[in-house]
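So the structure is just underneath, and the comments pick up after that.
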Amino acid sequence: MTGAPKDLNEDFVRGLPDTGPVVMINMLRFRETSADGDGSGWDAYQRYSRGFAPLLKAAGGTILWAGKAEGAAYGDLAGRTWEFIVLVRYPSRRAFLEVLTSADYALANVHRDNGVADHLIIASDETYSKFPPPGA
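Quick note on numbering that gives the first Met the number 0: the sequence shown kicks off at 0 and runs consecutively.
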């Protein structure tokens, strides 16, 4: 693994069926100040996003939706609050892993590490989508 984030559960993802598109549900909480001292955590995340976007596009992926989290409308967050949620669609789990383990991703990921205090990615298969399969 060239530049995989330390918390990437690569073996788990590789063990899942890889039969088509996958949506990765990203839940984030930002640092007040970027760990490198260059602006806020949000500023660092924006730098990460500028480096990540071309990698995602090259892999055939896209951001379906992103927005500020407001709180639990149903259920209990169990004390773990999130500030931002991003739904990222990849054509396959393999494509997800190829992006996150690439040397180019490692360069962008420095900014994510500097800006994000907590980050959870939930892997989900695509049971239903209004979007056509990649390449269709």
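From the three backbone atoms N, C-alpha and C, an ideal C-beta is built for every residue, glycine too.
Closer than 6 Å by C-beta to residue i: which residues in its own chain qualify, once you throw out the five before and the five after it? Chain order, please.
i, result
"Ile-120", "Met-23, Asn-25"
"Arg-46", "His-110"
Grab me the residues of residue i's own chain with a C-beta within less than 8 Å of its C-beta, minus the 5 sequence neighbours each way, in chain order.
i, result
"Ala-94", "Ala-58, Gly-59, Gly-60"
"Leu-76", "Gly-70"
"Trp-41", "Phe-29, Gly-114"
With 16 other CB atoms within 10 Å as the buried threshold, where does residue i fall?
i, result
"Asn-108", "buried"
"Phe-29", "buried"
"Arg-88", "buried"
Excluding five sequence neighbours on each side, which residues of the same chain lie with their C-beta closer than 7 Å to the C-beta of residue i?
i, result
"Trp-64", "Leu-86"
"Trp-81", "Met-26, Leu-27, Arg-28, Ala-68"
"Gly-66", "Ile-84"
"Pro-154", "Since the first residue shown for the chain is 0 and the last is 135, residue 154 is missing from the structure and cannot be characterised."
"Thr-1", "Residue placement at Thr-1 is poorly supported in this model, since its pLDDT is 46, which falls under 50; the coordinates still yield a value, given next. Excluding residues within five positions, the ones whose Cβ falls inside 7 Å are Thr-100, Ser-101, Ala-102, Ala-105."
Inspect the beta-carbon positions of residue i and residue j and report whether they are closer than 7 Å.
i, j, result
"Ser-39", "Asn-113", "no"
"Pro-20", "Pro-90", "yes"
"Asp-17", "Arg-92", "yes"
Candidates the options: which alpha carbon is nearest residue i's?
i, options, result
"Asp-10", "Phe-130, Ala-122, Pro-131, Tyr-127", "Ala-122"
"Leu-27", "Asp-17, Ala-43, Gly-14", "Ala-43"
"Asp-103", "Arg-49, Pro-16, Gly-70, Thr-18", "Arg-49"
"Leu-55", "Glu-97, Asp-6, Glu-31", "Glu-97"
"Arg-13", "Gly-70, Asp-37, Leu-99, Gly-78", "Leu-99"
"His-136", "Gly-36, Lys-129, Thr-18, Pro-53", "In this structure the chain extends from 0 to 135, so residue 136 is not present and cannot be described."
"Gly-78", "Lys-129, Asp-124, Leu-15, Asp-117", "Asp-117"
"Leu-106", "Phe-51, Asn-8, Glu-31, Leu-15", "Phe-51"
_I'd like the ranges of any beta strand (DSSP E) spanning at least 3 consecutive residues and lying wholly in the region 31–94._
Counting only runs of 3 or more, we get 61–67, 83–89.
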